[in-house]
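Per the UniProt record's numbering, the very first residue in the sequence shown carries number 1; after that it's consecutive. Idealized CB from N, CA, C, for every residue including glycine. Take a look at the structure below.
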Amino acid sequence: MASASTPEQVKLDKECELRVEIGPESPLRLRLLTGTAEIFGTEIPPQIWLSFPPSVKFAVFTWYGATIEMDGPTETYYTADETPMVSYVNVHAVLDARRNRAKASPSDTESSQGPRVIVVGPTDSGKSTLSRMLLSWAAKQGWKPTFVDLDIGQGSITIPGCVAATPIEMPIDPVEGIPLEMPLVYFYGHPTPSANADLYKVLVKELSKILERQFAGNTESRAAGMVINTMGWVDGLGYELLLHAIDTFSATVVLVLGQEKLCSMLKDVLKSKPNVDVVKLQKSGGVVSRNAKVRQKARGHRIREYFYGLTNDLSPHSNVASFSDLTVFRVGGGPQAPRSALPIGAEPAADPTRLVQVKIDRDLLHLVLAVSYAKDPNEIISSNVAGFIYVTDVDTQRNKITYLAPSAGELPSRYLIVGSLTWIEN
Ligand code: ADP
1 MASASTPEQV
11 KLDKECELRV
21 EIGPESPLRL
31 RLLTGTAEIF
41 GTEIPPQIWL
51 SFPPSVKFAV
61 FTWYGATIEM
71 DGPTETYYTA
81 DETPMVSYVN
91 VHAVLDARRN
101 RAKASPSDTE
111 SSQGPRVIVV
121 GPTDSGKSTL
131 SRMLLSWAAK
141 QGWKPTFVDL
151 DIGQGSITIP
161 GCVAATPIEM
171 PIDPVEGIPL
181 EMPLVYFYGH
191 PTPSANADLY
201 KVLVKELSKI
211 LERQFAGNTE
221 SRAAGMVINT
231 MGWVDGLGYE
241 LLLHAIDTFS
251 ATVVLVLGQE
261 KLCSMLKDVL
271 KSKPNVDVVK
281 LQKSGGVVSR
291 NAKVRQKARG
301 HRIREYFYGL
311 TNDLSPHSNV
321 ASFSDLTVFR
331 VGGGPQAPRS
341 ALPIGAEPAA
351 DPTRLVQVKI
361 DRDLLHLVLA
371 VSYAKDPNEI
381 ISSNVAGFIY
391 VTDVDTQRNK
401 ITYLAPSAGE
411 LPSRYLIVGS
421 LTWIEN
């Protein structure tokens, strides 16, 4: 436990990192005084104060030595001289060579494809962090790799409950993260895959189809390849979904963080595919474990950030619409009939991708809904979404619904999708 109430300087030797956990109450400022340093793959500028919001956990790593200054209370900070960074940057070097090779043969469909990397491992093994480093290092060298985030629990591209993709054109900002600008987003609507695993697979497939089409027409992004982050479910259904993702995106490099068993299982099932490399990487000792409660809180933060911005810099609008202006759908038809309600021996049969129109009533209160780009209800499952709204009031007397949206004015579509994603604004 340590706290820095007056600015405090920390000297870092080469290949060491300063690990910081900011407390839940106050923000922290940090700057680089001497040397060079990076935060999760993005170099930080000299002398300029960076302001981090509360609760953030991160590391400042230096390849050649640096002095860092911190201003503000921290929950914990310490320096570490043992990190897996050299092995991570070696992976980057291999990927970089493959990108160069892909770029050199733009007309050959097969060899013009850069590496398709998928990062797998249990929760809190540092998957998102490694994905971020690989993307930032690649962007620093001028590549525009595509980031695919399949983590419906704690996504980095948009709010939870979605699968999404976005090109990374610049090293990722250490404070702001990935800009929430126009990513390609499919709304699953639940924070866990077990809610509707078949729908999850369908959406992953849709996302991959669009990316495949984009790659076909863009040799630059094709050569840069992709980095796919996955969720921390690695057993049972989670494992099945990992295999599905590896297959769907035709991954060529599988990076396994921190689990021997998962790595050997994957090596075993993928040995029939000689073009797929399964590589085990060490988990960083700096990765902070988060329990279910912390994770749930982080989901709320993420939704808040969508509407209000990281530092309350956005002003969402409260809008009112008539029930008749909107159509709300649920995919999968809601909870299935319990087995006990069925005749003996019968299986509950609900089509997981059946579209069911939902009556607008107070059950929608505090739910986060996605606004579909679909022009017709038939297209809803295969369409990406424009954004999200948050239902703040439902007046069944006047048939009016009040919702928060990023901006004022009419929604881009009357078709909304609801799942089980709730948020209590505070
Ligand atoms: P996963 O994606 O596997 O769940 P994350 O990459 O999100 O794990 O890491 C969990 C938390 O640990 C995040 O808050 C991240 O910022 C933090 N973290 C990761 N690596 C380090 C490190 N080397 N030092 C300090 N914090 C770290």
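DSSP three-state assignment for residue i, whether helix, strand or coil
| i | result |
| --- | --- |
| Val163 | strand |
| His301 | helix |
| Gly387 | strand |
| Thr252 | coil |
| Pro7 | strand |
| Gly155 | coil |
| Val120 | strand |
| Ala147 | The sequence shown places Phe at residue 147, rather than the Ala named in the question. Three-state DSSP puts Phe147 in a strand. |
| Asn319 | strand |
| Leu369 | strand |
| Pro45 | coil |
| Arg29 | strand |
| Asn275 | coil |
| Leu310 | coil |
| Leu203 | helix |
| Asn378 | helix |
| Pro268 | With the sequence shown as reference, residue 268 is identified as Asp, and Pro is not the correct amino acid for it. In the structure shown, Asp268 sits in a helix (DSSP, three-state: H, G or I). |
| Asn196 | coil |
| Tyr88 | helix |
| Met231 | coil |
| Ala2 | The predicted model places Ala2 with a pLDDT of 48, which falls under 50 and marks its position as unreliable, so this point remains unresolved. |
Cut-off 7 Å between Cβ atoms - residues of its own chain near residue i, not counting five sequence neighbours on either side
| i | result |
| --- | --- |
| Ile210 | Leu184 |
| Val358 | Val328, Phe329, Arg330, Val418 |
| Asp361 | Val394, Thr396 |
| Ala408 | His317, Asn319 |
| Trp143 | Arg99, Ala224 |
| Ala374 | Ile380, Ser383, Ser413, Tyr415 |
| Cys162 | Ile152, Gly155, Val185, Tyr186, Phe187, Tyr188 |
Residue i versus the options, residue with shortest Cα-Cα distance
| i | options | result |
| --- | --- | --- |
| Gly23 | Leu416, Phe52, Glu305 | Phe52 |
| Met70 | Asp351, Glu82, Glu176, Leu28 | Leu28 |
| Ala59 | Leu12, Gly35, Ala216 | Leu12 |
| Ala405 | His317, Val394, Thr422, Phe323 | His317 |
| Pro7 | Leu32, Leu364, Ile389 | Leu32 |
| Pro115 | Asn100, Lys297, His301 | Asn100 |
| Pro328 | Leu310, Lys283, Ile389 | Per the sequence shown, residue 328 should be read as Val rather than Pro. Val328 has its Cα closest to that of Ile389, out of Leu310, Lys283, Ile389. |
| Ala93 | Ala138, Ser128, Asp247 | Ala138 |
| Ser383 | Leu207, Pro73, Arg213 | Leu207 |
| Tyr78 | Ser87, Val86, Met85, Ile68 | Ile68 |
| Gln296 | Thr192, Pro46, Ile228, Gly142 | Thr192 |
| Asp173 | Gly153, Met133, Gly189, Leu203 | Met133 |
| Val204 | Val175, Glu75, Leu243, Cys16 | Leu243 |
| Phe40 | Pro73, Tyr88, Pro54, Gly65 | Tyr88 |
| Gln214 | Ser272, Thr146, Lys201, Gly177 | Thr146 |
| Ser131 | Ala97, Cys162, Met85, Ala104 | Met85 |
| Ala245 | Asp151, Leu135, Glu220 | Asp151 |
| Gln141 | Ala97, Thr129, Ser111 | Ala97 |
| Val20 | Pro45, Gly35, Val56 | Val56 |
| Glu169 | Met226, Gly236, Leu364, Gly217 | Met226 |
| Ile44 | Cys162, Ser136, Val91, Gly217 | Ser136 |
| His190 | Gln9, Leu367, Thr392, Asp376 | Leu367 |
| Gly387 | Ile303, Lys271, Ser128 | Ile303 |
Buried versus exposed, by CB contacts within 10 Å (16 or more), residue i
| i | result |
| --- | --- |
| Asp124 | buried |
| Ile48 | exposed |
| Asn312 | exposed |
| Asp325 | exposed |
| Ile424 | exposed |
| Glu260 | exposed |
| Asp108 | exposed |
| Asp395 | exposed |
| Ala102 | buried |
| Tyr64 | exposed |
| Ser284 | buried |
| Gln154 | buried |
| residue 448 | Residue 448 is absent from the model: the chain starts at 1 and stops at 426. |
| Glu25 | exposed |
| Asn229 | buried |
| Leu237 | exposed |
| Pro274 | exposed |
Chain-order list of residues whose beta-carbon lies under 6 Å from that of residue i (same chain, five-residue window excluded)
| i | result |
| --- | --- |
| Lys267 | Val278 |
| Leu321 | For the sequence presented, residue 321 should be read as Ala rather than Leu. Cβ neighbours of Ala321 beyond the five flanking positions: Ile401. |
| Leu411 | Val371 |
| Cys16 | Thr79, Asp81 |
| Ile381 | Thr353 |
| Val253 | Pro115, Val117, Asp277 |
Own chain partners of residue i with C-beta closer than 8 Å, once the 5 adjacent residues on each side are dropped
| i | result |
| --- | --- |
| Ile157 | Phe147, Asp149, Ala164, Ala165, Thr166, Ile178, Leu180, Pro183, Val185 |
| Val256 | Val120, Gly121, Leu262, Cys263, Leu266, Val278, Val279, Lys280, Leu281 |
| Glu176 | Leu310 |
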